[in-house]
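Sequences listed follow chains A and B, in order.
Under the numbering used here, the first residue of the first sequence carries the number 537, and numbering increases by one thereafter.
Under the numbering used here, the first residue of the second sequence carries the number 63, and numbering increases by one thereafter.
Even glycine gets a Cβ: it sits at the ideal position worked out from N, Cα and C.
Just so we're clear, the structure is a prediction, and the values are computed from it rather than from any experiment.
What follows is a short report on a single structure.
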Amino acid sequence: MDENRQAYREEVHELLGDLEDALIELEQTPDERDLIDRVFRAMHTIKGSGAMFGFEDIAAFTHTIETVYDLIREGILGVTPELISLTLASCDQIKAMVEEPQGGESADTSKAQEITDAFKAMIPAEDENPAMVPAPADDLKKEIQDNTAQITYRIRFRPHTDIFANGTNPIPLLNELKYLGDAHVICHLNNLPELTDMDPEACYANWDIILTTNHDVNAIRDVFIFVEDLSDIDITKIDEGSEIDQDDYKRIGEILFERGDIKLNDLELMLNRQKRFGEILIESGKVNRSVVQSALAEQEHVRNLRKKRMVQDTTTNIRVPSHKLDAMVNLVGEMVTMQARLTQIAHQKNDPDLILVSEEVERLTAELRDNAMGIRMLPIGTTFAKFKRMVRDLSTELGKEVDFITQGEETELDKTVIEKLGDPLVHIIRNSIDHGIELPQKRKAAGKPPQGTIELRAEHSGANVLISVHDDGAGLDTDAIFKKAVEKGLASPDASLTDKEIHEFILAPGFSTAKNVSSVSGRGVGMDVVTSSIESFGGSVEIRSVRGNGTTITLKLPLTLAIIDGLLVTLGDDLYVIPLGSVVECVELTKKERKRAHGRHVTKVRDDLVPYIYLREVFSLGSPKPAIEQIVITQINERRIGFVVDKVIGEYQTVIKNLGKLFKNIDGVSGATIMGDGTVALILDITRLIVHAEDEDCRIA
Amino acid sequence: MARNILSVDDSASIRQLVSFTLKKEGYEVIEAVDGKDALAKIQGVCVDLVLTDLNMPNLDGIGLIKALRAISSYRFTPIVMLTTESHTDKKEAGKQAGATGWIVKPFKPEQLISVVKRLLG
Chain A
537 MDENRQAYRE EVHELLGDLE DALIELEQTP DERDLIDRVF RAMHTIKGSG
587 AMFGFEDIAA FTHTIETVYD LIREGILGVT PELISLTLAS CDQIKAMVEE
637 PQGGESADTS KAQEITDAFK AMIPAEDENP AMVPAPADDL KKEIQDNTAQ
687 ITYRIRFRPH TDIFANGTNP IPLLNELKYL GDAHVICHLN NLPELTDMDP
737 EACYANWDII LTTNHDVNAI RDVFIFVEDL SDIDITKIDE GSEIDQDDYK
787 RIGEILFERG DIKLNDLELM LNRQKRFGEI LIESGKVNRS VVQSALAEQE
837 HVRNLRKKRM VQDTTTNIRV PSHKLDAMVN LVGEMVTMQA RLTQIAHQKN
887 DPDLILVSEE VERLTAELRD NAMGIRMLPI GTTFAKFKRM VRDLSTELGK
937 EVDFITQGEE TELDKTVIEK LGDPLVHIIR NSIDHGIELP QKRKAAGKPP
987 QGTIELRAEH SGANVLISVH DDGAGLDTDA IFKKAVEKGL ASPDASLTDK
1037 EIHEFILAPG FSTAKNVSSV SGRGVGMDVV TSSIESFGGS VEIRSVRGNG
1087 TTITLKLPLT LAIIDGLLVT LGDDLYVIPL GSVVECVELT KKERKRAHGR
1137 HVTKVRDDLV PYIYLREVFS LGSPKPAIEQ IVITQINERR IGFVVDKVIG
1187 EYQTVIKNLG KLFKNIDGVS GATIMGDGTV ALILDITRLI VHAEDEDCRI
1237 A
Chain B
63 MARNILSVDD SASIRQLVSF TLKKEGYEVI EAVDGKDALA KIQGVCVDLV
113 LTDLNMPNLD GIGLIKALRA ISSYRFTPIV MLTTESHTDK KEAGKQAGAT
163 GWIVKPFKPE QLISVVKRLL G
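Quick look at the structure:
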């Protein structure tokens, strides 16, 4: 602002110079209109800008002078030598005032008053208009009333057809209302004429807005200030927000009557009939459909609002043994299966009644399923709490200072996922304290605060939950990890790998065990255990680390375990499900292409060679294979691997069933699901299948 | 793409304040010292909103609004008057000429931003 004040000072000096010249000329030619205009404009600018930049005293002082010159322009007053000298004196006064530091005493208030009084004396009495005094800037501040009260208004915005003509676009106005609070906008297009009669430059739409806001009605009026006289705006308070109203909100007829959309006798007539009231009104042609919809929207908006208030007041919890929940989820799962079967039968029979029922059942089942899953969701915070103690104990034992921060405790996850998450997280946090955070002396030497920080956070990301453990410790020792990887035969000594690729070695199965980790300064305690347990329930692990700056390990977990989105495929006569989360794309595999690869299981997908697993071989299927097979390409931990199947049927949401003890040792199948027609489809365990295939390769080699 | 705003005012300090405020919000600002200059400056550029003072030499604000509304591509462009006149007749004359809205000086930068956002969406 100081910069702007300086700019104003310079401008005033310039204007005053110009003003003095004009005044002296004006003394010679008192009737010269251009000169009078010049003086008026200069005074006007000094006044207007003065108020803008905090020179309120100058604004007030020049105001009277401006008024006098305005009267001269209108020919009411004449130019006299006294006027000229008085104006010149006021120039000196302005010069003195503009040089005053802000907030300082005015140059000479008595002199300013003297000049003002002299000018005022020239103004004929009736022209002294107090309303013209510029309002102090502070008064312009919008006052926001009580912040806590949420009041609901009904705003009827009926722009005149010519509203576009002054450059107004109504849409930003509606958007602005949305910023004020929770707004429900209903557009009425019933005035829209036939296309041939339509004037493209006219506005035919009008709007009803139901707005719940903590701003006052003036804030709403303010939005429409430029269009007040180009539209009819009616703002009515329909809900006070503070008191809890036990009664239901007004009936639709009452709303319409109150708005004046229908007459009372129409209302009474209609009430005698028994259909839904809104429907009757539309049928009878008394009101337009959009009018009723608007009233319905208001009804719903306020009902929801009141319901929410009620819920907030009466929320309680019920404790239920978890096995009861599990039983319910199982039953819902079976219902989903049966429902799929019903849909299938309905479509086979092609009976419209049956299809109608089955669609309704489908909708209900989906809702029931979502609700049942929702009940199983627990905030993850319960597990976070136990780590606090662990961090404290472990850091004291190791002589390290660690500050443990948790975030996103309220993030909800399926109960089973939370239970399975405990051990992997213990591993990761232990690693962070043990190998990540340095001893206080070492941290000081590296220019870090002696106290290390470990941050555990959970957040939603689409259908997944991300849980990350971040420490500001030493980071991973890439050299040591690489050496180890070469030792283990996982990488060739001359391979040039990115840091990220090297970091991923610590996730590899059997990369390091607790025994040899002490010889490596990096980490690796049981990270492979973490990876396999996270992957066992469809999650993935990601590592990011900067040497000297710390490490972040992120676990990506599915929201729920009981239901998966899968890709349904066939092999021979059997059905299989591949978890959709890891599927990237599907490509065709022709006989020709297979020959071209000379028996190697690789295919070219957009310039990348992708290895594939031939599921027919893995499952030893003898039935003849189709001429064109499909490769389902999956991606796990940045690695793309294809699975060859006979046919891809499509996406399929399915309830996972355990296979039972008898099949406990089967590799590559994580469960089963029952299809609509009663057949069983096996759910493939992609990670295990890959491990299995790699083992096979090793054996051959 | 950044929106272009034409700022017309004979006071350099007001122009500076307007430019400073709007550029900070990511708008492009074209400055003009009076109506005549404004009409010259809009040649070959696309202006999304016009802010104009009313009392100016050469061509005043009302005249500028009328001139702009006569150009077909400016028929629906929002035009905002910046005015110290609390006289309703000046505001009325501006509205008659086709101004979209007005801001009364002195105004605060936030007021300017809120009006510009209201009109440009």
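Measuring alpha carbon to alpha carbon, tell me which residue in the options is nearest residue i.
i, options, result
"T879(A)", "I1167(A), T901(A) and K951(A)", "T901(A)"
"I608(A)", "E636(A), T581(A), V575(A) and N886(A)", "V575(A)"
"V865(A)", "L904(A), P1147(A) and L949(A)", "L904(A)"
"F1155(A)", "L1111(A), E1121(A) and K1197(A)", "L1111(A)"
"T1087(A)", "I756(A), G1009(A) and M926(A)", "G1009(A)"
"L1077(A)", "V1001(A), H1134(A), D1101(A) and G1084(A)", "It is Val, not Leu, that sits at residue 1077(A) in the sequence shown. Checking every option, the nearest Cα to that of V1077(A) belongs to V1001(A)."
"K1024(A)", "K1036(A), F1041(A), Q987(A) and I601(A)", "F1041(A)"
"I165(B)", "A159(B), D72(B) and L116(B)", "L116(B)"
"E945(A)", "R928(A), G935(A), F923(A) and I745(A)", "F923(A)"
"D929(A)", "V962(A), M658(A) and L957(A)", "V962(A)"
"I687(A)", "K656(A), V893(A) and R845(A)", "R845(A)"
"E550(A)", "E1174(A), C627(A) and G614(A)", "C627(A)"
"A741(A)", "D1101(A), L728(A) and L747(A)", "L728(A)"
"T83(B)", "N540(A), E819(A), I756(A) and V856(A)", "N540(A)"
"L1225(A)", "L1195(A), P1162(A), R1152(A) and K1197(A)", "R1152(A)"
Mapping the DSSP letters down to three states, classify residue i as helix, strand or coil.
i, result
"G586(A)", "helix"
"K980(A)", "helix"
"F1018(A)", "helix"
"M734(A)", "coil"
"D1110(A)", "strand"
"F793(A)", "helix"
"N683(A)", "Residue confidence for N683(A) is low, a pLDDT of 46 falling below 50, so the modelled location carries little weight and cannot support an answer."
"Q597(A)", "Contrary to the premise, residue 597(A) reads as Phe rather than Gln in this sequence. Reduced to three states, the DSSP call for F597(A) is helix."
"T645(A)", "helix"
"S626(A)", "helix"
"S73(B)", "coil"
"M143(B)", "strand"
"A1133(A)", "coil"
"G1060(A)", "Residue placement at G1060(A) is flagged as unreliable, the pLDDT there being 44, under the threshold of 50; a coordinate-derived value is accordingly withheld."
"H859(A)", "helix"
Buried or exposed, going by whether 16 or more other CB atoms sit within 10 Å of the CB of residue i?
i, result
"Y89(B)", "buried"
"M734(A)", "exposed"
"G553(A)", "exposed"
"V1138(A)", "exposed"
"L555(A)", "buried"
"A558(A)", "buried"
"Y785(A)", "buried"
"N907(A)", "exposed"
"Q629(A)", "buried"
"L725(A)", "exposed"
"Y605(A)", "buried"
"K984(A)", "buried"
"Y1306(A)", "With chain A covering only 537 through 1237, there is no way to say anything about residue 1306(A)."
"V615(A)", "buried"
"I612(A)", "exposed"
"A543(A)", "buried"
"N754(A)", "exposed"
Using only the alpha-carbon positions, how far apart do residue i and residue j sit?
i, j, result
"F138(B)", "K1092(A)", "51 Å"
"I761(A)", "N853(A)", "48 Å"
"G106(B)", "H580(A)", "32 Å"
"V1216(A)", "R877(A)", "13 Å"
"H1228(A)", "G1204(A)", "8 Å"
"K978(A)", "I916(A)", "34 Å"
"Y689(A)", "L79(B)", "37 Å"
"I800(A)", "R787(A)", "A quick correction: the sequence has Leu, not Ile, at residue 800(A). Between L800(A) and R787(A), the C-alpha separation is close to 14 Å."
"E561(A)", "A155(B)", "32 Å"
"N66(B)", "S134(B)", "18 Å"
Round the Cβ separation of residue i and residue j to the nearest angstrom and send it over; I've been treating them as touching at under 8 Å.
i, j, result
"E712(A)", "R180(B)", "6 Å"
"E937(A)", "G988(A)", "7 Å"
"L1026(A)", "A1044(A)", "6 Å"
"V823(A)", "I791(A)", "So it is not a contact: roughly 11 Å between Cβ atoms."
"V1168(A)", "V1146(A)", "Contact doesn't hold; Cβ gap of about 11 Å is too wide."
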